[in-house]
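full-length UniProt numbering puts the sequence shown at residues 1 to 201. Report on the structure given below.
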Amino acid sequence: MGGDGRRQSKVERLVEAYDLGSIGADLEAAWLGEGRERRSLRELADRFNQALLMGALRESEMSVVDGEPENFYRLLTDDDVSAGQRVEARNRLERNGIDVDGLAEDFVTYQAVRHYLTEVRGVTYEQPNEGERVERERDSIDRLQARVETVVRDTIDRLRNAGTLSIGDYRVFVGVDVLCRDCGGQFGIGELLAEGGCDCE
1 MGGDGRRQSK
11 VERLVEAYDL
21 GSIGADLEAA
31 WLGEGRERRS
41 LRELADRFNQ
51 ALLMGALRES
61 EMSVVDGEPE
71 NFYRLLTDDD
81 VSAGQRVEAR
91 NRLERNGIDV
101 DGLAEDFVTY
111 QAVRHYLTEV
121 RGVTYEQPNE
131 GERVERERDS
141 IDRLQARVET
151 VVRDTIDRLR
161 NAGTLSIGDY
171 RVFVGVDVLC
181 RDCGGQFGIG
191 ELLAEGGCDC
201 E
């Protein structure tokens, strides 16, 4: 029971059981988008469940390399993983003393995370107004375009350094155009968002 006499939520119990410390504050900040890109409740549930897996790995003292805990979580939960891969991951974890079935039962849903944030921590997320929403979406697209530019630049540099690609001094341009098939208008994505629409009546 909580200090106020109410029954503890599943997330609260797991935070204590797995000694997850300040993860509640981290989930809250990520849901509200404080100082970072806002994360959905489903993403936060995955983050919380990965923290549970990390806690189980820590307690078992199983030796893992960077990225392996995230891969174990994917192998245990992703629908696209083959049965053989899942069994292999389960067997390795169980050989190291981890109760995989018990761990899977502890995994939480996004609804449990929402209950924890809103009912236990008292967090309220206010939807941004239209101007803020457009600005956030534009920022998200800008980040994606910058990421594509970086990937293309790294690929060209890697191939050039390996002698596979011949190119002089270069620049990479990444743009997104949108064509409205009704009015025939074509716009850069930034222009379309700034104008608030196309030329359709």
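The beta-carbon is built from N, C-alpha and C at its ideal position, and this holds for glycine as well.
Here DSSP, grouped into helix, strand and coil, assigns Q111 to helix. Per DSSP, reduced to three states, the secondary structure at Q186 is strand. A direct Cα-to-Cα measurement between E70 and R42 gives close to 16 Å. A residue is called buried when at least 16 other Cβ atoms come within 10 angstroms of its Cβ; I98 meets this threshold and is buried. Bounds of the beta strand (DSSP E) holding L179 are D177 to L179. Under the 10 Å beta carbon count, D182 is surrounded by fewer than 16 other beta carbons and is classified as exposed.
In this structure, R86 sits near L76, with a CB-CB distance shorter than 8 Å. A112 and R136 have their C-alpha atoms roughly 27 Å apart. In the three-state reduction of the DSSP assignment, F173 falls in the coil class. Selection R171, Q145, A146 and R138 evaluated against D157 yields R171 as nearest (Cα-Cα). Between C198 and G185, the beta carbon gap of about 4 Å places them in contact (Cβ cut-off 8 Å). Contact annotation: W31 and V123 have beta-carbon atoms nearer than 8 Å.
For R58, the closest of L44, S82, R47 and L20 by C-alpha to C-alpha distance is L20. In this structure, the beta-carbon distance from Y73 to N49 falls below 8 Å.
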